[in-house]
Amino acid sequence: MDVDMDFKGIITGGLCWNELTKKRMSQPLALENFGYKVYSQNDEDGIIQEIFRRIGTETKEFIEFGVQDGLECNSHYLLHQGWHGLWLEGDSGACTQIGHKFRPVIKDGRLKAVNAFITRENIEALILKNRNSHNDGTSPDFLSIDIDGNDWYVWNAIKALKPRVVCIEYNGKFPPDYNWKQAYNSRHIWDGSDWQGASLKAMEVLGREKGYVLVGTNLTGINAFFVREDLFSKEKFLNCVTAEELYNPTRMDLHFAAPGHAARYCLIGQQENKGVLNYFDSINEYKKSRKKERKEKIIKAYKKRILNGGR
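Spelled out as structure tokens, the structure:
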């Protein structure tokens with residue numbers, strides 16, 4: 000078999016998937032051709048830009064779950080372009096970081112970050128409670144779901160909103176004809192194993208039931224992209240909408256990092272923000288040093304007590 004040298008050494012899922020990707024990318028409308036990284040984890044930023052170039056925007060509002068500290072997520076770059084929206088993050092420490100690092104856009108009302116552990120039982124209430132009031136019942140343009148586990152169940156539970164575009168993580172280790180999803184557990188936290196998420200076929204079937212068309216996946220085999228069916232046309236997207244036709248396996252050794260230019264700050268309103276960050280970083284360093292001092296003091300006292308026979 001003639002193996003595409005661009006994917007030399009990447010055989011996860013079988014070399015046949017590399018041939019499928021190569022054939023698909025020979026077509027001008029293939030979304031993989033437009034992928035690039037600004038602040039996304041991989042090449043999602045470019046694909047998101049291209050999808051909206053084809054279908055347009057209405058509200059320029061995003062909702063994203065599982066953003067960690069916000070520096071590497073699918074809507075950070077949208078903030079640079081004047082979008083507004085809501086972030087939901089289960090880690091309280093990460094939310095504190097967001098509050099400092101994204102202070103300018105939080106202050107001007109373009110971003111709201113909420114600390115909440117997401118389940119299928121609470122997701123819709125969280126969204127409806129925390130969206131900006133000026134949205135007047137309209138649906139956001141973009142929804143991004145990346146919670147490393149119950150993604151399928153959470154998307155299924157969202158009934159009140161019909162975003163124009165949905166980006167959702169899938170488990171790329173499973174081949175595209177296999178319909179699998181993890182059993183639901185409201186307390187699930189990803190442990191780094193393959194017990195997470197759902198296969199691309201499971202996402203495709205759910206999307207179709209919710210009125211969405213699968214239009215592509217990214218090269219690293221992590222995220223799937225859906226467009227609302229009333230916005231889909233064969234002139235704008237590939238004439239293939241199934242997992243079998245649009246699958247990319249998880250390619251662990253394919254990276255879209257920018258060496259030497261890692262995201263550490265929010266660069267929007269940077270003159271004000273950098274000063275806040277320097278203060279915040281210095282406070283963190285101070286707390287770390289104090290914690291280390293206290294730990295060393297306790298160990299020293301414990302050793303002294305042992306030497307004195309427990310007294």
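According to numbering that gives the first Met the number 0, numbering within the sequence shown proceeds without interruption in unit steps and concludes at 310. For glycine and all other residues, C-beta sits at the position ideal for the given N, C-alpha and C.
Integer-rounded CB distance, given that residue 200 should sit under 8 Å from residue 170: Contact flag wrong, Cβ pair sits at about 10 Å.
Sub-8 Å separation of residue 35 and residue 45 beta-carbons: Taking 8 Å as the cut-off, the Cβ atoms of residue 35 and residue 45 count as close.
Distance between beta carbons of residue 181 and residue 159, contact taken as under 8 Å: The pair is not a contact, with the Cβ atoms about 25 Å apart (cut-off 8 Å).
Test item: CB-CB of residue 227 and residue 161 under 8 Å: Yes, these two residues count as a Cβ contact at 8 Å.
Residues bridged to residue 178 [DSSP beta-bridge criterion]: Paired residues: none, contrary to the question.
Buried or exposed (CB count within 10 angstroms, at least 16 for buried), residue 151: Here residue 151 is buried, its C-beta having at least 16 other C-beta atoms within 10 Å.
C-beta atoms of residue 218 and residue 90 nearer than 8 Å: No; because the gap between Cβ atoms is not below 8 Å, this pair is not in contact.
The alpha helix (DSSP H) enclosing residue 51, as first and last residue numbers: From DSSP, the alpha helix (DSSP H) with residue 51 extends over 43-54.
Backbone secondary structure at residue 197 - three-state DSSP: Residue 197 carries a strand assignment under DSSP once its states are collapsed to helix, strand and coil.
Those runs of the alpha helix (DSSP H) which lie wholly inside the segment 22-104 and span at least 4 residues: Qualifying alpha helix (DSSP H) stretches, in chain order: 43-54, 75-79 and 91-100.
Beta-carbon proximity list for residue 115, same chain, < 6 Å, skipping 5 on both sides: A distance below 6 Å between beta-carbons, with the five flanking residues on each side excluded, links residue 115 to the following residues of its chain, in chain order: 87 and 125.
Rounded Cβ spacing between residue 146 and residue 231 (contact assumed at less than 8 Å): About 26 Å separates the Cβ atoms of residue 146 and residue 231, ruling out a contact at the 8 Å cut-off.
Beta-carbon gap between residue 164 and residue 225 smaller than 8 Å: Closer than 8 Å, so yes.
Meets three-Cβ-pair contact criterion under 8 Å: the segment 21-33 and the segment 231-246: With the cut-off at 8 Å, the segment 21-33 and the segment 231-246 touch.
Beta-bridge partners of residue 168, as assigned by DSSP: Residue 168 has 222 as its beta-bridge partners, per DSSP.
Limits of the beta strand (DSSP E) - the one that residue 112 falls within: Under the DSSP assignment, residue 112 falls in the beta strand (DSSP E) whose first and last residues are 110-114.
Alpha-carbon spacing of residue 59 relative to residue 22, whole angstroms: Spanning the two alpha carbons is a distance of roughly 33 Å.
Coarse secondary structure for residue 212, derived from DSSP in three states: DSSP places residue 212 in strand when its eight states are reduced to three.
Completely contained alpha helix (DSSP H) runs for the segment 134-163, where each covers 4 or more residues: For secondary structure counted as the alpha helix (DSSP H) over 4 or more consecutive residues, the segment 134-163 holds these complete runs in sequence order: 150-156.
Residue 262 vs residue 71 beta-carbon contact at 8 Å: For the pair residue 262 and residue 71, the CB atoms are nearer than the 8 Å cut-off.
Beta-carbon gap between residue 172 and residue 193 smaller than 8 Å: Their beta carbons are under 8 Å apart, which means residue 172 touches residue 193 by this criterion.
Nearest candidate by alpha-carbon position, reference residue 238, set 215, 79, 48 and 106: The shortest C-alpha to C-alpha distance from residue 238 to any of 215, 79, 48 and 106 is the one to 215.
Contact set for residue 49: own chain, Cβ-Cβ below 7 Å, skip 5 residues either direction: Shown here for residue 49: same chain residues with a beta carbon closer than 7 Å to its own, the five before and five after excluded, namely 30 and 33 in chain order.
Spatially closest choice to residue 176 from 156, 130 and 247, by CA coordinates: Checked all of 156, 130 and 247; the closest Cα to residue 176 is 247.
Those residues which DSSP pairs with residue 227 across a bridge: Paired residue(s): 211.
Separation of residue 109 from residue 245, as counted between CA atoms: Each residue's alpha carbon lies about 34 Å from the other.
Start-to-end residues for the alpha helix (DSSP H) that takes in residue 126: Segment 122-129, the alpha helix (DSSP H) holding residue 126.
Whole-angstrom distance between residue 111 and residue 105, CA atom to CA atom: Cα-Cα distance, rounded: 6 Å.
Best match in 107, 113, 52 and 53 for proximity to residue 69 [C-alpha to C-alpha]: With distances taken between CA atoms, residue 69 lies nearest to 113 out of 107, 113, 52 and 53.
Boundaries of the alpha helix (DSSP H) in which residue 245 is found, first to last residue: Where residue 245 is concerned, the enclosing alpha helix (DSSP H) stretches over 242-245.
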